[in-house]
Amino acid sequence: MTDIAVHVEGLGKRYRLGAAPASRTAYDAIAAAFRAPFRRLSGNAKPEHIWALKNVTFDLRRGEVLGIIGRNGAGKSTLLKILSRITEPTEGAVDLYGRVSSLLEVGTGFHPELTGRENIFLNGAILGMHRAEIVRKFDEIVAFAEVERFLDTPVKHYSSGMFVRLAFAVAAHLEPEILLVDEVLAVGDAGFQKKCLGKMGDVAREGRTVLFVSHNMSAVLRLCDRVIHLDGGQVVTEGPPAPVVARYLGGSVEQQAVVPLDSLPRGSGLKGRARLISATLLNRERLGAWKLPFGSDLVLEVHVSVLERLPMLELGLAISTVTGFEIASSLSSHSLPPIPRGPGEYAFQITGSELTLAPGTYRLGLGLRTDQYYELEDHLPEALDFEILVSDAAAQWKTDTIRAAVIPKFRFQCANSSGPTMEKGAGNAYGRSPGSGLGGQAPPV
Amino acid sequence: MMHTTGATPVQKMAGEHEDPVIPTIRIRPSRGFVPLRLREVWEYRELLYFLCWRTIKVRYKQTILGGAWAILQPLVTMVVFSVIFGRLVGVPSDGVPYPIFAYAGLLPWQLFAQSLTESGNSLVNNEHLITKVYFPRLVIPASTVLVSLLDFAVAGTVLAGMMVYYRIAPGVGVWALPLLVLQAVCAALGIGLWLSPLNVRYRDIRHVIPFLTQCWLFATPIAYPSSLVPPRWRVLLGLNPMAGVVEGFRWALLGTKADLGGLLALSTLITIGLLVSGAVYFRRMERTFADVL
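Line by line, the protein sequences give chains A and B. With my numbering, letter number 327 in the first sequence gets 327, and the count goes up by one each step, no holes. To convert a position in the second sequence, counted from 1, into my numbering, add 445.
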């Protein structure tokens with residue numbers, strides 16, 4: 001019995017749709033009451049209800065870290081709000097065995113006019129810490145937040161980074177037996193996010209029970225023992241992180257498997273003697289149409305139709321971020337000799353080895369050209385979108401703490417350069433040019 | 446990593462916390478009568494303290510006069526009353542100089558009006574806390590009342606100064622003063638507990654409150670003595686809990702003669718009724734706060 005920290009059974013929460021926020025003033029309420037009989041006539045009698053959460057049941061063992069994932073509106077936040085006693089369930093029961101702290105945002109109750117020191121005490125009290133406890137941990141909190149010099153400055157003069165660091169530092173020093181956390185890690189710069197994740201990991205290792213709601217799949221994979229996928233307020237799947245996350249990410253198919261490039265609108269100024277017909281993702285390890293895990297190859301097939309005999313045909317591709325910044329491109333002539341092409345259909349297979357694009361959405365552009373003046377026969381700068389998904393490999397590479405879009409393979413070596421003795425092998429290579437570490441060649445693939 | 450080490454922390458936990466009593470929180474949908482759970486409010490007294498402290502710290506930031514505002518408000522009102530009602534209209538003042546007569550009434554009134562206004566708006570003003578953190582919500586209106594008590598103490602020094610100036614010694618009834626203060630606070634809190642949940646649902650309340658306090662000010666014998674009210678209207682006066690408090694204040698501090706017994710008994714009953722019903726209503730509405738805010 002004492003092995004269970006959180007017991008949730010048949011939990012449901014119903015909201016009234018539309019009506020509640022609208023009747024914010026008494027006038028509205030009275031007006032609505034007068035309109036009610038007429039509304040009944042128009043057949044719109046019952047107020048509309050929506051179940052934000054329905055029949056959710058699960059147990060959380062002591063010391064377990066449970067991740068809750070799901071799209072926006074899946075009921076994650078509602079669940080967390082019920083567990084943290086901010087709102088009441090409509091039906092069902094929850095039992096929490098132990099001291100509970102919930103962290104629905106960082107910096108709750110921070111007052112801009114108060115100093116950093118004052119806010120630590122205020123925020124600590126709001127989060128349920130006792131004064132003595134705050135005093136005891138004060139130095140630790142300040143050190144973690146790295147704001148020693150600004151302790152007596154009102155926080156309205158803080159940079160947003162400092163503010164967030166201080167707010168998280170207070171929260172991170174709570175010592176509950178059960179910790180409920182919502183997406184608070186989505187704040188601050190990459191370095192601080194990493195620190196927060198590290199702190200979360202510590203909390204988990206100390207044997208506290210954690211319920212963690214997040215969109216950050218990489219963090220979920222790294223921190224959680226078990227994951228629940230919510231959709232439409234109900235539990236869809238529950239189990240070990242990797243398969244649940246993979247199913248969740250693969251679940252939403254938007255792009256067709258075979259993209260009909262032929263029917264896409266084109267810009268002007270194209271010669272049109274050759275035309276892009278279709279594109280297909282051939283990857284073996286894909287997780288759905290145009291979704292592939294981080295670190296895998298990118299294998300595509302592009303069908304091209306040639307209408308006239310051409311002296312040569314070159315296919316080019318470009319990958320850009322969704323914001324339009326081009327980050328990689330390649331041409332068929334890099335690996336194919338420029339041979340003349342007669343009319344007909346051609347299938348190009350393109351393989352990008354071990355693509356180290358950071359998890360996220362990217363845009364693939366395709367183009368066809370023929371002669372040395374590089375006039376375009378066909379061009380689709382936004383042919384299709386594809387997604388790189390978080391995987392175990394991504395979790396290993398801590399991709400969530402890296403801001404760059406491309407994470408190429410570098411080899412780092414380290415030798416002790418303080419003494420005369422050097423380790424065998426590594427010493428030579430490194431000793432010659434210590435400054436060129438980043439340029440070190442990639443390991444053979 | 447978590448899978449393999451999963452079992453170890455469990456044992457460690459059990460070792461660290463040998464306390465057999467694990468605090469258990471049960472969450473169920475509430476139906477019908479909701480217990481007040483005042484003990485829990487007491488457990489959160491540190492938060493109560495910090496909320497008061499925050500309000501006081503922040504209130505007079507970027508003001509020139511700062512804490513003097515707590516004195517200025519009743520003082521200026523007293524001057525206006527003295528000129529208009531004391532001089533021009535010639536309202537009787539139960540045998541004491543009109544300025545001190547008015548101020549002794551304004552002082553508890555200010556406490557009441559401020560407590561009522563602040564507690565009535567308190568939930569809406571602390572929306573960001575209510576939607577993000579759990580704590581007994583009663584702490585919020587309660588903290589605003591405590592802050593008003595501090596202002597009351599500050600403004601009270603002026604009354605002490607005036608008593609010295611007019612050479613008036615407090616009567617034997619001075620011991621009743623804390624009880625009268627308590628009554629003013631309880632009455633204000635009771636109304637605040639009714640108004641603040643209503644304010645969450647209907648923001649009209651925010652606009653009703655200033656209007657309410659203004660009307661209530663003139664329904665209370667502050668600018669005039671209750672002896673001016675015809676006897677057959679006295680019972681009606683007694684329905685206003687502040688009537689007893691204000692007359693009681695003058696009786697305790699200035700030694701005015703008034704037939705207080707019946708007035709105070711009635712207003713005490715009404716105060717208790719307001720407070721208890723307010724607390725029950727507040728707790729009943731509490732579950733919807735986070736959803737409506």
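We treat Cβ as the ideally placed atom computed from N, Cα and C, and that holds for glycine.
Judged by DSSP secondary structure, glutamate 314 (chain A) falls within the beta strand (DSSP E) whose first and last residues are 314-321. The straight-line gap separating the alpha-carbon atoms of phenylalanine 110 (chain A) and proline 154 (chain A) is approximately 11 Å.
Counting only residues of its own chain and dropping the five nearest sequence neighbours on each side, glutamate 146 (chain A) has a CB closer than 7 Å to the CB of Arg165. Going by beta carbons, asparagine 571 (chain B) and arginine 651 (chain B) fall outside the 8 Å limit. Nearest to aspartate 182 (chain A) by C-alpha distance, out of B:Ser672, B:Tyr610 and B:Val578, is B:Val578. Taken atom to atom, the span from the alpha-carbon of arginine 149 (chain A) to that of lysine 137 (chain A) is near 18 Å. Relative to glycine 344 (chain A), the option among A:Leu380, A:His303 and A:Gly352 whose CA is nearest is A:His303.
Counting of Cβ neighbours within 10 angstroms places alanine 598 (chain B) among the exposed residues, the total staying below 16. Taking 8 Å as the upper bound for CB-CB distance, valine 65 (chain A) and leucine 223 (chain A) are in contact here, some 6 Å apart. In the DSSP assignment, tyrosine 346 (chain A) is bridged to A:Val304.
Residue state for alanine 614 (chain B) is assigned as coil, using DSSP reduced to three classes.
Taking a C-beta cut-off of 8 Å against chain B, the contacting residues of the stretch 110-135 of chain A are His111, Glu113, Leu114, Glu118, Phe121, Leu122, Ala125, Ile126, Leu127, Gly128, His130 and Arg131, listed in chain order.
Identification of residues in the stretch 88-101 of chain A having a C-beta nearer than 7 Å to some C-beta of chain B yields Glu88, Pro89, Thr90, Glu91, Ala93, Val94, Asp95, Leu96, Tyr97, Gly98, Arg99 and Val100, given in sequence order. One Cα belongs to glutamine 256 (chain A), the other to histidine 157 (chain A), and the distance between them is close to 50 Å. Taking one beta carbon from each stretch, the stretch 712-720 of chain B and the stretch 631-640 of chain B have 3 or more pairs nearer than 8 Å; the two touch. Taking each of A:Tyr373, A:Arg226, A:Leu230 and A:Leu221 in turn and checking the Cα distance to lysine 398 (chain A), the smallest one comes out for A:Leu221. If you draw a straight line from the Cα of alanine 274 (chain A) to the Cα of phenylalanine 294 (chain A), it comes to about 33 Å. In the structure shown, the three-state DSSP call for arginine 582 (chain B) is coil. In this model, aspartate 596 (chain B) and isoleucine 715 (chain B) are separated by some 25 Å (Cα to Cα). Counting of Cβ neighbours within 10 angstroms places glutamate 314 (chain A) among the buried residues, the total reaching 16 or more. Boundaries of the beta strand (DSSP E) around leucine 366 (chain A): 360-369. Under a criterion of Cβ atoms nearer than 8 Å, the residues of chain A adjacent to lysine 506 (chain B) are, in order, Glu113. When the Cα atoms are used, valine 674 (chain B) and isoleucine 545 (chain B) turn out to be separated by approximately 20 Å.
The stretch 689-700 of chain B makes contact with the stretch 553-566 of chain B, as at least three CB pairs between them are under 8 Å. For threonine 508 (chain B) and arginine 473 (chain B), the gap between their C-alpha atoms comes out near 47 Å.
Pairing aspartate 95 (chain A) with arginine 117 (chain A) gives a Cβ-Cβ distance that is not under 8 Å.
At least one CB of chain B lies nearer than 8 Å to the CB of isoleucine 86 (chain A). Histidine 334 (chain A) is classed as exposed because its beta carbon has fewer than 16 other beta carbons within 10 Å across all chains shown. When rounded, the separation of the alpha-carbon atoms in alanine 405 (chain A) and leucine 357 (chain A) is 6 Å. For glutamate 485 (chain B), the uninterrupted alpha helix (DSSP H) segment begins and ends at 483-488. Distance from the CA of leucine 493 (chain B) to the CA of leucine 561 (chain B), rounded to the nearest whole angstrom, comes to 17 Å.
In terms of beta-carbon proximity, leucine 510 (chain B) stays away from the interface with chain A, with every pair separated by 8 Å or more.
The residue among B:Gly540, B:Ala547 and B:Gln518 with its C-alpha nearest the C-alpha of phenylalanine 526 (chain B) is B:Ala547. Linking leucine 230 (chain A) to tyrosine 346 (chain A) through their CA atoms gives a straight-line distance of about 45 Å.
The three-state secondary structure of histidine 573 (chain B), taken from DSSP, is helix.
Looking from the CA of histidine 379 (chain A), the closest CA among A:Gly10, A:Arg14 and A:Leu270 belongs to A:Leu270.
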